[in-house]
Amino acid sequence: MPAELPIDDVLGDIRRAYDASNRLVLAAPPGAGKTTRVPLDLLASRVLGDGKLLLLEPRRLAARGAAQRMASQLDEPVGQTVGLSTRLERKVSARTRIEVVTDGLFVRRLLSDPEISGVSCVVFDEVHERSLNVDLGLALCLEVQEALRPELRLLLMSATLETGKIRSRIGGEIINSEGRAYPVETRYSGRPSGHLEPHMASVIRRAHSAGQGSILAFLPGAREIRRTVDLLENTDLPTDTDVYPLFGALPPAEQDAAVQPAAPGRRKIVLATDIAESAITIEGVSTVVDSGLVRVPTYDAGGRASRLVTERASLASVDQRRGRAGRTGPGICYRLWDEAETRGLTPETTPELLRADLSGLVLSLAEWGERDPANLTWLDPPPEGRFAAGREQLVALGALGADGSLTDRGRDMARLPMAPNLAALIASADTPPDRALGAEIAALLSERGLGGNAVDLSTRLQRFRNESSHRAKAMQRQARTWGDGAKPGGDPALRLAQAWPHSIAKRRAGKIGQFLTAGGTAVSLAEDDPLAQADWIVVAEAMGGAKGARASLAAPISEADVLRACPPKVVEVAGFDPDTGKFTARRTQRIGAIELSHQPLPKPSGEAARQALLSAVSEHGWQSFAAEDVVASTVARLSFAACHGAEVPAWTASDLANSAGEWLLPEGAGSAIPKPGDIRAALKAYLGWEASQALDAAAPETLPLPSGRAAPIDYIDEKAPLVIARVQEVYSATVHPCIGQARVPVTLSLTSPAKREVALTSDLPGFWTGGYLDMAKDMRASYPKHDWPTDPATAKPHEGRTKARLGK
632 MPAELPIDDV LGDIRRAYDA SNRLVLAAPP GAGKTTRVPL DLLASRVLGD
682 GKLLLLEPRR LAARGAAQRM ASQLDEPVGQ TVGLSTRLER KVSARTRIEV
732 VTDGLFVRRL LSDPEISGVS CVVFDEVHER SLNVDLGLAL CLEVQEALRP
782 ELRLLLMSAT LETGKIRSRI GGEIINSEGR AYPVETRYSG RPSGHLEPHM
832 ASVIRRAHSA GQGSILAFLP GAREIRRTVD LLENTDLPTD TDVYPLFGAL
882 PPAEQDAAVQ PAAPGRRKIV LATDIAESAI TIEGVSTVVD SGLVRVPTYD
932 AGGRASRLVT ERASLASVDQ RRGRAGRTGP GICYRLWDEA ETRGLTPETT
982 PELLRADLSG LVLSLAEWGE RDPANLTWLD PPPEGRFAAG REQLVALGAL
1032 GADGSLTDRG RDMARLPMAP NLAALIASAD TPPDRALGAE IAALLSERGL
1082 GGNAVDLSTR LQRFRNESSH RAKAMQRQAR TWGDGAKPGG DPALRLAQAW
1132 PHSIAKRRAG KIGQFLTAGG TAVSLAEDDP LAQADWIVVA EAMGGAKGAR
1182 ASLAAPISEA DVLRACPPKV VEVAGFDPDT GKFTARRTQR IGAIELSHQP
1232 LPKPSGEAAR QALLSAVSEH GWQSFAAEDV VASTVARLSF AACHGAEVPA
1282 WTASDLANSA GEWLLPEGAG SAIPKPGDIR AALKAYLGWE ASQALDAAAP
1332 ETLPLPSGRA APIDYIDEKA PLVIARVQEV YSATVHPCIG QARVPVTLSL
1382 TSPAKREVAL TSDLPGFWTG GYLDMAKDMR ASYPKHDWPT DPATAKPHEG
1432 RTKARLGK
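Here the numbering used here runs 631 ahead of the position in the sequence shown, where the first position is 1.
Dropping the structure here:
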């Protein structure tokens, strides 16, 4: 009989919940037992009927571990009642009722069979990790449930209790399992002054000496883990202690060794990536050492194969890591930062959907038959800008037509289980050998760690072809399948350049190891790297920030092959100097952002000038056209009007600069430099008639004064707009001036004849009977020729001219 787990207390609630709804959200902390207990209970209780349950896991390691644990509880091998499907491993049979599948493979299956025939329940595990494939798979499943399979059951399981947002999106019942945790003491060791690994190794040794049980340490990636392993193994650790790395690219046997409990009488130190936060359980851990860092793939507008960035983990992540020390008893968590820094951590991990390249999602939706993501239900909708960028990337790769329709190449790419840019290496090939070569490169790029660590793509490919590990052989088989069994041939650099012309890079003049890609990003190589002095390379993979990315996989290419893969274009480039108000122009021959040659031009064409003006606004703001006041005034009026109930857009100066190509300088606008008056008129047109009317009603530009002058209104203060007027201009006013339908009082700045402020009031009648009397006494002495009546409320208003000029 399996040991009792916290999740057991709510299994009955889960079964009963399915009587009322086919959508269910389960929150249970790591270690509660939800991943293995819930599917087996649903199977045993006949909730599944005659159908199959699919358990989705975001990581292969977690999928394999879940399948093995469930199968062992049934005293069976994986592949009978409990099956497993990942990209590298498939163990299922006619007897399989519970199939553990990675989320990417599930999306591929769903696109091939929208009804997911024979499946009665889909369980999304570790939803809190918010992988892109989980979000996409859920959106598609919700549509399947609504349109095709209303009886299909969906279960979302999360390791956090923040399930309100999920329920608000999809409905259904929420069930909470509180779990069971022991107190964990937190100790802060401060940020390392130098490299991370020596500091991590030092804290681990200290923790090992101070406590009992096993240690789980979190590092951002495989590189840091291997370096820390070396440091620990080269020290005087006790002989009863074993050190294990744990990350996704390790062979299954090594992953299993890291996860299994320590042998009797021995202790373990496991160095893991964020893979061990919640998706897997390592028994016997009483101490956690947390670097507080995580490595994540980040969207790169340049479209390279991948860019990994190391950043601070979220508060939710570090709290989950800390909780790993309190699973079986009181524990200790060492944090490699200062306590005050914890308050600055982001509360939750940003969903991959909100930060990743969305070209794969766009391609999947195109295959699904949906071009507008707004027609689906999402936990977080895809950002419009990223979705549009993903579509543009697919058009550039030839996967979509200009109208967004799926092309034949796009269908070929969609069938390949990989990111679109990798699929393009295969689908864009003209010959079978080139296709097979592209498949090998795609295999190498999709499985980190294959082929060694050499930067040179040819070297890495050759090593990959000769590798004999289980993972390498599985990927070699995959590559042969993707390449239709052809023998690879051709030049890897040329294949890469033809598929990814944006990744062609030219060395900067006089700089060793410094390159500019056709996509416009800077990449570097170590100066002692054999490729550092190449004139041209193609970048297959890079790591680090967009301004300081380091090429981790590249290939040298000749200029002749560059020109063959991507013939240069003649492009006119213009600039606009806001200080002089003049244009510069030149005709260039270029490959993307790489300029090969140029010659000056006397003046730019209309479109080049337009682009120069737009660039000036983007870089220098509205001072480029001396229009800061016009734009600031409009933005302030809109903000004031919106605060008082008007239906107007909430624009900012930055918004207007970013959209200037739509409203101020549309295509065909030519080289005319807009004046402030032109910008004012264009803004009014951009607002449209209804919004303009609403704006004028709620936030008029001017205030009619008793003198007859229309005084400008300054909306810099939303609560009290300011009007500047000479005192004489408001004589005869018996009511304080207000604006808009909300009748908001203005603040009056009353000035002397010399236009110096002498009073500030938001109660003009009160001012006439109070402060005015003292002020007028002083003004008569300073300005004897001006009108300073004793009763200004009944005096005739005027523009402040002298008595003599008024005929007095």
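Even glycine gets a Cβ: it sits at the ideal position worked out from N, Cα and C.
Option nearest Arg-898 by Cα separation, candidates Thr-977, Thr-870, Gly-696 and Pro-1013 = Here residue 898 refers to the residue found at position 267 when the sequence shown is read from its first residue. Arg-898 has its Cα closest to that of Thr-870, out of Thr-977, Thr-870, Gly-696 and Pro-1013.
Could you spell out where the alpha helix (DSSP H) holding Asn-1097 opens and where it closes?
-> Stepping through the sequence shown from its first residue, residue 1097 is reached at position 466. Run containing Asn-1097: 1088-1097, per the alpha helix (DSSP H) assignment.
Span separating the alpha-carbon of Ile-846 from that of Gly-1150 = Taking the first residue of the sequence shown as 1, we reach residue 846 at position 215. Taking the first residue of the sequence shown as 1, we reach residue 1150 at position 519. Roughly 44 Å between the two C-alpha positions.
Taking the alpha-carbon positions, what's the Leu-1318 to Pro-1014 distance?
-> Numbered from its first residue, the sequence shown carries residue 1318 at position 687. Numbered from its first residue, the sequence shown carries residue 1014 at position 383. C-alpha separation (whole angstroms): 24 Å.
Helix, strand or coil at Lys-1118 according to DSSP, with G and I counted as helix = Locating residue 1118 in the sequence shown gives position 487, where the first residue counts as 1. DSSP places Lys-1118 in coil when its eight states are reduced to three.
Expected contact under 8 Å - CB spacing of Ile-1168 and Pro-1199 to nearest Å = Your numbering for residue 1168 matches position 537 in the sequence shown. Your numbering for residue 1199 matches position 568 in the sequence shown. Distance from Ile-1168 to Pro-1199 at the Cβ level is roughly 17 Å; contact not present, criterion being Cβ atoms closer than 8 Å.
Anticipated Cβ contact below 8 Å, Val-1204 with Ala-1239, distance rounded | If you number the sequence shown from 1, residue 1204 lands on position 573. If you number the sequence shown from 1, residue 1239 lands on position 608. Between Ala-1239 and Val-1204 the Cβ distance is about 7 Å, and since that is below 8 Å, they are a contact.
Val-919 - DSSP class collapsed to helix/strand/coil | As a position in the sequence shown, residue 919 is number 288, starting the count at 1. It is a strand residue.
With burial defined as no fewer than 16 other Cβ atoms inside 10 Å of the residue's Cβ, what is the status of Gly-896: buried or exposed?
-> For this step, residue 896 is matched to residue 265 along the sequence shown. Exposed, because fewer than 16 other Cβ atoms sit within 10 Å of the Cβ of Gly-896.
Among Val-678, Gly-1069, Leu-642 and Leu-785, which has the Cα closest to the Cα of Leu-686?
-> Taking the first residue of the sequence shown as 1, we reach residue 686 at position 55. Answer by Cα proximity: Leu-785.
Pro-1048 versus Ala-1316 - alpha carbon distance = For this step, residue 1048 is matched to residue 417 along the sequence shown. For this step, residue 1316 is matched to residue 685 along the sequence shown. Between Pro-1048 and Ala-1316, the C-alpha separation is close to 48 Å.
Would the region 760-773 and the region 979-999 be scored as touching if the rule is three or more Cβ pairs under 8 Å?
-> Contact between the region 760-773 and the region 979-999 is present, because at least three Cβ pairs lie under 8 Å.
Cβ neighbour criterion (16 or more within 10 Å) applied to Ile-1347 | As a working mapping, residue 1347 is identified with position 716 in the sequence shown. Exposed, because fewer than 16 other Cβ atoms sit within 10 Å of the Cβ of Ile-1347.
Starting from Tyr-1346, follow the alpha helix (DSSP H) in both directions and report where the run begins and ends.
-> Position 715 of the sequence shown, counted from the first residue, corresponds to residue 1346. Note, Tyr-1346: premise wrong, no alpha helix (DSSP H); not H, not E.
Could you give the residue range of the alpha helix (DSSP H) that holds Asn-1052?
-> Position 421 of the sequence shown holds residue 1052. Unbroken alpha helix (DSSP H) run through Asn-1052: 1051-1058.
Just mark Ser-840 as buried or exposed, buried being the case when its beta carbon has 16 or more other beta carbons within 10 Å.
-> Here residue 840 is taken as the residue at index 209 of the sequence shown, counted from 1. Under this definition Ser-840 is an exposed residue.
Three or more beta-carbon pairs under 8 Å between the region 1284-1302 and the region 1229-1249, yes or no?
-> yes
Arg-647 (DSSP reduced to helix, strand or coil) = By one-based count along the sequence shown, residue 647 stands at place 16. Three-state DSSP puts Arg-647 in a helix.
With 16 other CB atoms within 10 Å as the buried threshold, where does Ala-1073 fall?
-> In the sequence shown, residue 1073 corresponds to position 442, counting from 1. Answer is buried; the Cβ neighbour count reaches 16.
What are the boundary residues of the beta strand (DSSP E) that includes Phe-737?
-> Start at 1 with the first residue of the sequence shown, and residue 737 comes out as number 106. Premise fails: Phe-737 lies in the alpha helix (DSSP H), 734-743, not in any beta strand (DSSP E).
Val-920 and Ser-808 closer than 7 Å at C-beta = As a first step, residue 920 must be located in the sequence shown, where it is residue number 289. As a first step, residue 808 must be located in the sequence shown, where it is residue number 177. No.
Given Leu-946 as reference, the closest of Val-925, Gln-1254 and Leu-976 once Cα atoms are compared | Position 315 of the sequence shown holds residue 946. Ranking Val-925, Gln-1254 and Leu-976 by Cα distance to Leu-946 puts Leu-976 first.
Got a sec? Which residues, its chain only, sit under 6 Å from Pro-1420 by beta carbon, not counting five neighbours each side?
-> Numbered from its first residue, the sequence shown carries residue 1420 at position 789. The residues are Ala-1426.
Give me the Cα-Cα distance between Gly-1114 and Ala-1070, rounded to the nearest whole angstrom.
-> Along the sequence shown, read from residue 1 onward, the residue named residue 1114 stands at position 483. Along the sequence shown, read from residue 1 onward, the residue named residue 1070 stands at position 439. C-alpha separation (whole angstroms): 5 Å.
Gln-1230: first and last residue of the uninterrupted beta strand (DSSP E) it sits in = Within the sequence shown, numbered from 1, the residue matching residue 1230 stands at position 599. Counting along the chain, the beta strand (DSSP E) containing Gln-1230 begins and ends at 1225-1231.
Return the CA-CA distance between Ala-944 and Leu-924, expressed in angstroms with no decimal places.
-> Residue 944 sits at position 313 when you count from the first residue of the sequence shown. Residue 924 sits at position 293 when you count from the first residue of the sequence shown. Using only the alpha carbons, I get a separation of about 5 Å.
Given 8 Å, three or more beta-carbon pairs between the region 971-988 and the region 730-737 = With the rule of 3 Cβ pairs closer than 8 Å, the region 971-988 does not count as touching the region 730-737.
Near Leu-1244, what residues of its chain come up, given a Cβ to Cβ distance below 6 Å and the 5 sequence neighbours on each side ignored?
-> Counting from 1 along the sequence shown, the entry for residue 1244 is found at position 613. Within the same chain, and ignoring the five residues on either side of Leu-1244 in sequence, the residues whose Cβ sits closer than 6 Å to its Cβ are Phe-1207 and Leu-1296.
Between the beta-carbon of Val-656 and the beta-carbon of Arg-798, is there less than 7 Å?
-> Within the sequence shown, numbered from 1, the residue matching residue 656 stands at position 25. Within the sequence shown, numbered from 1, the residue matching residue 798 stands at position 167. Taking 7 Å as the Cβ cut-off, Val-656 and Arg-798 qualify as a contacting pair.
If you draw a straight line from the alpha carbon of Leu-1326 to that of Ala-1272, how long is it in whole angstroms?
-> As a position in the sequence shown, residue 1326 is number 695, starting the count at 1. As a position in the sequence shown, residue 1272 is number 641, starting the count at 1. Straight-line Cα distance between these residues: approximately 6 Å.
Which of helix, strand or coil DSSP assigns to Ser-703 = For this step, residue 703 is matched to residue 72 along the sequence shown. Three-state result, Ser-703: helix.
Tell me whether Asn-764 is buried or exposed, calling it buried when 16 or more other Cβ atoms sit within 10 Å of its Cβ.
-> For the purposes of this step, residue 764 is taken as residue 133 along the sequence shown, with counting starting at 1. By the 10 Å Cβ count, Asn-764 comes out buried.
Proximity below 7 Å, CB of Thr-918 to CB of Ala-832 | As a working mapping, residue 918 is identified with position 287 in the sequence shown. As a working mapping, residue 832 is identified with position 201 in the sequence shown. No, the Cβ-Cβ distance between Thr-918 and Ala-832 is not below 7 Å.
List the endpoints of the continuous alpha helix (DSSP H) containing Ala-1020.
-> Walking along the sequence shown from the start, residue 1020 turns up at place 389. Run containing Ala-1020: 1015-1028, per the alpha helix (DSSP H) assignment.
In terms of alpha-carbon separation, which member of Pro-1209, Ile-963 and Ala-697 lies closest to Gly-664?
-> Walking along the sequence shown from the start, residue 664 turns up at place 33. Comparing Cα positions, the closest option is Ala-697.
Report yes if the CB atom of Ser-1393 is closer than 7 Å to the CB atom of Pro-1376, and no otherwise.
-> For the purposes of this step, residue 1393 is taken as residue 762 along the sequence shown, with counting starting at 1. For the purposes of this step, residue 1376 is taken as residue 745 along the sequence shown, with counting starting at 1. Against a cut-off of 7 Å, the Cβ pair of Pro-1376 and Ser-1393 comes out as a contact.
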